[in-house]
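Structure first, then comments.
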Amino acid sequence: MITLKPTCPFCGLPVARPKEQVTRRPNEMPVGACSCGAVYACDITGHNLGAAFIEALVFGCNLDWDLAWGLLPEEDYLEKLVENYDYETHLIVPGGFYEGRRITGALYFVKLHPDILEVTRQGMQNKLERAAAISSQTSTAPPCEKKFTKKEIEALVNEYQVETILNIARFERRLIRELQRLLYAGDELLRLRAADILGKVAAVIAQKDPETIARLLQGLLTSVTDPGSSGWGAIDAAGAIIANLPETFAGYIPTLYQLLVDTTLRPQALRAIGSIARVKPGLIRPACLRFLPFLQDPDPATRGYTAWLLGNLSAATARDMLQGLQDDGQPVTFYDSGNLQKKTVAQLASEALARL
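Just so you know, we're using my numbering here: the sequence shown kicks off at 6 and counts up by one.
What follows is the structure, encoded as structure tokens:
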């Protein structure tokens, strides 16, 4: 896995991680400046390059919008794009994947003509220094808080020490990255526990930093839609995040519905949707009819998780079909609250009928 330190495309010197601005305008992006005078804006998703260009140009003009709109390309400024940038690690990932995550971010560079830069540079630098000072104050953890290693976090997940991990989440933002890494573990139980816990951790962090969780959820769902993806724990993690923050992220539920088309991803998608239905059935109930055909799917895991989902929805329309599964003895590996259990499709159907 090849990674590179980001460098300025104009002078080749290393550049610092972009900083959140202090103005807090809607939809503004992190920005930075190279010692050669070039400025850059970070588009974390790589899907808003036009906005990143405007952000970099306006910031280079010291937020003077009138000046920015009067400039001409080539004559007053040059622009260059650096792709495959990962804001989380501040690395360029040429291959596009890092620790199981798809990397699609970009740095949009703009270099103003020296005459213009002479007027705007000092104000721009002052803003960056203020942003750096604020970032330093807010990111410094209390000296009494312990730093946890990757192995320690993995052990806590393995032991399903949820409360301990949630306490860590209150001061250790790196926890998200470590839990995300465990979504691709070879051990199924570890993978599902990591997804489960990541949803709970997201609820803690979103209280102060909802944008970070929004980017996390977008990244998880994007990684699943890549050709050849197996989903791993990303689908379960996305479901867990939405289940723990339904009012905030209900808009992502239709993306889970789209995954039902892929037979290899269908059981995981049903499991994720079922976890949301368990806490907020009203969000899923309008789509109830689309799940009924899966009760006759040739895959037992699909039948079992569909029965569980419909039980969570109290879907009376499924009663007859669920009763038709009473003799289905096919086994299903079922995850719930940190444990894996072996259940038959018939058991899951009976439990669903009881909830009707």
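Glycine included, C-beta positions come from ideal geometry on N, C-alpha and C.
In this structure, DSSP gives N53 a state outside helix and strand, which the three-state scheme calls coil.
Contact between the segment 265–275 and the segment 283–292 is absent: fewer than three C-beta pairs spanning the two stretches fall below 8 Å. Taking Y340 as reference, the option from I246, I278, R198 and K85 with the minimal CA-CA separation is R198. Under the criterion of beta carbons closer than 8 Å, R295 and D302 do not qualify as touching, at roughly 13 Å. Nearest C-alpha to R22 among V36, D325 and C16: V36. In this structure Q328 does not touch T50 by the C-beta definition: roughly 46 Å separates them, more than the 8 Å allowed. Per DSSP, N344 lies in no alpha helix (DSSP H) segment; the continuous beta strand (DSSP E) that holds it begins and ends at N344 to T349.
Boundaries of the beta strand (DSSP E) around A46: V44 to D48.
Between K116 and L83, the C-beta spacing is below 8 Å. Taking a C-beta distance under 8 Å as the contact criterion, E159 and L187 qualify as a contact pair.
Taking C-beta separations shorter than 7 Å and ignoring five residues to either side along the sequence, the partners of N67 in its chain run T125, G128 and M129, following chain order. Shown here, T12 sits in a strand according to DSSP, grouped into three states. L330 is a Cβ neighbour of A312, given a cutoff of 8 Å. Per the C-alpha coordinates, the member of S342, P336 and G343 positioned closest to Q352 is P336. Judged by their CB atoms, A61 and F114 are nearer to each other than the 8 Å cut-off. 8 Å or more divides the Cβ of L221 from the Cβ of A208. In the structure shown, V36 adopts extended strand secondary structure according to DSSP, grouped into three states.
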